[in-house]
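Inspection log for the structure reproduced underneath, given as structure tokens.
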Amino acid sequence: MKILLVEDSERLRTTLSHGLRAEGFTVDAAADGVVATEFLASYEYDHVVLDLGLPRMDGFGVLRALPVGGARPRVLVLSARDQVGDRVEALKAGADDYLVKPFSFDELLARLQALARRPAKMEADILECAGVQLDPLARRAEANGRALELTPREFALLELLLRHRGRVFSRTAILERIAGSNSDASDRSIEVVVFGLRRKLAGAGCTDLIENRRGAGYLVP
Ligand code: CA
Numbered sequence: 687m688k689i690l691l692v693e694d695s696e697r698l699r700t701t702l703s704h705g706l707r708a709e710g711f712t713v714d715a716a717a718d719g720v721v722a723t724e725f726l727a728s729y730e731y732d733h734v735v736l737d738l739g740l741p742r743m744d745g746f747g748v749l750r751a752l753p754v755g756g757a758r759p760r761v762l763v764l765s766a767r768d769q770v771g772d773r774v775e776a777l778k779a780g781a782d783d784y785l786v787k788p789f790s791f792d793e794l795l796a797r798l799q800a801l802a803r804r805p806a807k808m809e810a811d812i813l814e815c816a817g818v819q820l821d822p823l824a825r826r827a828e829a830n831g832r833a834l835e836l837t838p839r840e841f842a843l844l845e846l847l848l849r850h851r852g853r854v855f856s857r858t859a860i861l862e863r864i865a866g867s868n869s870d871a872s873d874r875s876i877e878v879v880v881f882g883l884r885r886k887l888a889g890a891g892c893t894d895l896i897e898n899r900r901g902a903g904y905l906v907p
């Protein structure tokens, strides 16, 4: 799952980025509302963790700039301001949940997992195709009943392709989704991830899950 973290406190931004990455999320981080809206205009996210008090454009401005409809990410608002008014205003403006600072990382994680479980997004709990099963929340994948030991990027790639079956992802699009937009990883490194994932799938007897469309990219048909 890909998260946009919007937080102007560098210390908190760094701590949360590291923590979320360690939990297997792909994380882009923005320090103000304007940068956040630029990220949101360019990339798709599953979740936005959004501080309300931000320089240049506050969290309410970011909420108003969010796309409406199917591709809309779930928004978890963070704020030091624990007044009921802010909370109500944020929820009215489209936030899905609200966390008052200070909070524990475990609480943030639990809230994100709860948001991911909400049915409105129409996401199956378990992604499944041709003998391959992937549980995004438990971060488990198996093929033909055998557990797959995947790196975080291999797991993210498999989740991306299974979640969007039939859609071709270019190496650049995959890179954005699984490595984060600020990553210095290259298109070439995506080939390495694809190769590694295919090798592990093949090891479990699953040889043709991921197709390569020459010049276009990869998909699970
Ligand atoms: Ca702030």
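For the sequence shown, this note's numbering assigns the number 687 to the initial residue and increments by one for each residue that follows.
Here a beta-carbon is modelled for each residue, glycine too, at the ideal position from N, C-alpha and C.
Query	Result
Which first and last residues belong to the beta strand (DSSP E) in which Lys688 is found?	Lys688 to Val692
Identify, in the order they occur along the chain, each residue of the same chain with its Cβ nearer than 6 Å to the Cβ of Glu809, setting aside the five sequence neighbours on each side.	Per-residue confidence for Glu809 stands at a pLDDT of 49, beneath the threshold of 50, marking its modelled position as unreliable; the derived number appears in the next sentence. Correct list: empty, nothing qualifies.
Short of 6 Å in beta carbon distance, which residues of its chain neighbour Glu693, apart from the five on each side in sequence? Order them along the chain.	Arg699 and Asp737
Can you tell me the Cα-Cα spacing of Phe881 and Pro822, whole angstroms?	21 Å
Within the present structure, is the beta-carbon of Asp694 separated from the nearest heavy atom of ligand 1 by less than 7 Å?	yes
Just the C-alpha distance for Val910 and Phe711, rounded to the nearest angstrom, thanks.	Given a span of 687 to 907 for the chain in the structure shown, any question on residue 910 remains unanswerable.
On the criterion of 16 or more Cβ atoms from any shown chain inside 10 Å, does Asp671 qualify as buried, or is it exposed?	The displayed coordinates of the chain run from 687 to 907. Any statement about residue 671 would go beyond what the structure contains.
Assuming Ala751 contacts Leu726 (C-beta within less than 8 Å), just tell me the rounded distance between them.	7 Å
What residue does the beta strand (DSSP E) around Thr837 start on, and which one ends it?	Segment: none, Thr837 is in no beta strand (DSSP E) and carries neither H nor E.
Identify which residue in Leu847, Glu840, Glu845 and His850 has its Cα closest to the Cα of Ser875.	Glu840
Quick one: which unbroken alpha helix (DSSP H) runs of 4-plus residues sit fully inside the region 771 to 833? Chain order, please.	791 to 803
Helix, strand or coil: how does DSSP classify Val879 here?	helix
Helix, strand or coil: which one does DSSP assign to Leu762?	strand
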